[in-house]
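To start, the structure under review is shown below, and the notes come after it.
Residue numbers (the working numbering): 9 to 220.
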């Protein structure tokens, strides 16, 4: 595995310095359509303002890709009682993740901030880690965990190839997931997307205790 460059470089520093973003950035920096990524954990950085899980997967033509999956802060991980070895190096995990918006979109939101390097760090051999926000993590045993709070869990469910009942069970049994779900229903990103709003309300009516 190639040696990684320090985390706080390029666009990360720009994002941290942008007045409206702050150290723990706004949901405005993320796209609203998720991607699903799966790979082997090669590193888990138990740090603030975001923990970072580095995943390795194999793309087209056998090319190795590295993902830097941002999650909750170290303090939040500790508050949840999650140890620094969850997930462990070598575990295969899957994420519903939200990529960062394009350089052009970010520059329109925060004029004057240089986003030319976007959200990636590069090692000496040219291998880069692409940063994403990991909203829901699926462990190797199938257990789901709510991870980074910025994201739309309805979009994760809608884009998943897992049985819908498994998601209903997740919302019914996981208090943090249900809280996030209920809060998401009023999110303006959901309200602005008629098909997503309809899907969210359909799922909401199917859980044991629908959000009011």
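Backbone N, C-alpha and C define an ideal beta-carbon position, used for all residues, glycine too.
- In this structure, the beta-carbon distance from residue 105 to residue 154 does not fall below 8 angstroms.
- A distance below 8 angstroms separates the beta carbons of residue 48 and residue 63.
- Residues 106, 107, 108, 109, 141, 158, 159 of the same chain have their beta carbon placed closer than 8 angstroms to that of residue 38, with the five preceding and five following residues left out of the count.
- In the three-state reduction of the DSSP assignment, residue 85 falls in the helix class, which pools H, G and I.
- Across the set 67, 45, 156, the C-alpha of 156 shows the shortest separation from the C-alpha of residue 57.
- For residue 79, the closest of 179, 195, 90 by C-alpha to C-alpha distance is 90.
- Proximity to residue 216 across 173, 203, 191 peaks at 173, based on C-alpha coordinates.
- Membership of residue 202 in the alpha helix (DSSP H) is indicated by the continuous run 202-212.
- Counting along the chain, the unbroken beta strand (DSSP E) around residue 102 starts and ends at 100-107.
- Runs of the alpha helix (DSSP H) lying entirely within the region 138-181, each at least 4 residues long, are 161-167, 172-181 in chain order.
- For residue 48, there is no enclosing alpha helix (DSSP H); the enclosing beta strand (DSSP E) covers residues 43-53.
- Residue 112 and residue 76 have their C-alpha atoms spaced approximately 22 angstroms apart.
- Exposed is the label assigned to residue 97, since fewer than 16 other Cβ atoms lie within 10 Å of its Cβ.
- Note on geometry: alpha-carbon atoms of residue 102 and residue 42 lie some 13 angstroms from one another.
- Residue pairing from DSSP places residue 77 in a beta bridge opposite 61, 140.
- Using a 10 angstroms sphere on the CB of residue 88, the tally of other CB atoms stays under 16, which defines it as exposed.
- Under the criterion of beta carbons closer than 8 angstroms, residue 162 and residue 204 qualify as touching, at roughly 6 angstroms.
- Looking only at 212, 196, 119, 191, the smallest Cα-Cα distance to residue 166 is reached by 212.
- CA-CA distance, residue 176 to residue 169, rounds to 14 angstroms.
- Taken through DSSP and simplified to helix, strand or coil, residue 40 comes out as coil.
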